[in-house]
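A.B. asks:
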Amino acid sequence: MGGSRSAMMGGTALILTARKIREMVVKEHGKYNPDLLLSGNYEAMEFYHHDTPLNSFGANLIRARVDNLGGHVEIEDCISYYDVGGKALSRENVIGQVQGGCAQGIGQTLYEEVAFDEEGGQLITASISDAGVPYASLLPRFKVLLAENPSELPSHAKGVGESRP
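Per our numbering, residue -2 is the first one in the sequence shown, and the count goes up by one each step.
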């Protein structure tokens, strides 16, 4: 399991398992508190599988200016909107993920290239500097808007497509 599915699937299994253990403590002691939990030896297991999609909605909008004479493209604004779930587990990481994805898309579209020679189709892009990478000064400021609408999971989590650890 990896990436954004971790919080959805693994997180839900963890919450359901913790609820089972809490119920064991209450059944044994008539109430729950952390001291009662730590005084015993409780074990539970949960397998969780969700059959319906839990995808988040996201959209990116870029406003650009094109020089009609030279064809130079200048990105003026990049605004993103993502529905991340009930509460972003790490708001800063989600914003960074969205900003990084936008920067990567701009870079791939406007600045990067894998070049081949015309004679034999031999790859002539030997390094990342040959491929072209945008300077930070070529990228716009990013505005990221996050909506936090919960999923039906116990954790209320949804993924934003975070990469695997």
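Where a beta carbon is used, it is the ideal one built from N, C-alpha and C, also for glycine.
To the nearest whole angstrom, what separates the beta carbons of P151 and T9, a pair I think is in contact under 8 Å?
C.D. replies: Yes, P151 and T9 are in contact; Cβ-Cβ is about 6 Å, under 8 Å.
A.B. asks: So the beta strand (DSSP E) L143 belongs to, where does it begin and stop?
C.D. replies: Per DSSP, L143 belongs to the beta strand (DSSP E) from 139 to 144.
A.B. asks: I need the boundaries of the alpha helix (DSSP H) containing D80, first residue and last residue.
C.D. replies: Careful: D80 lies outside any alpha helix (DSSP H), inside the beta strand (DSSP E) at 70 to 80.
A.B. asks: Going by CA-CA distance only, name the one from Y79, L11, M6 that's closest to A56.
C.D. replies: Nearest option by C-alpha distance: Y79.
A.B. asks: Where does G93 fall in DSSP's three states?
C.D. replies: G93 falls in the helix class under three-state DSSP.
A.B. asks: Just mark I125 as buried or exposed, buried being the case when its beta carbon has 16 or more other beta carbons within 10 Å.
C.D. replies: I125 comes out exposed.
A.B. asks: In three-state DSSP terms, what is I59?
C.D. replies: Note: I59 maps to strand in three-state DSSP.
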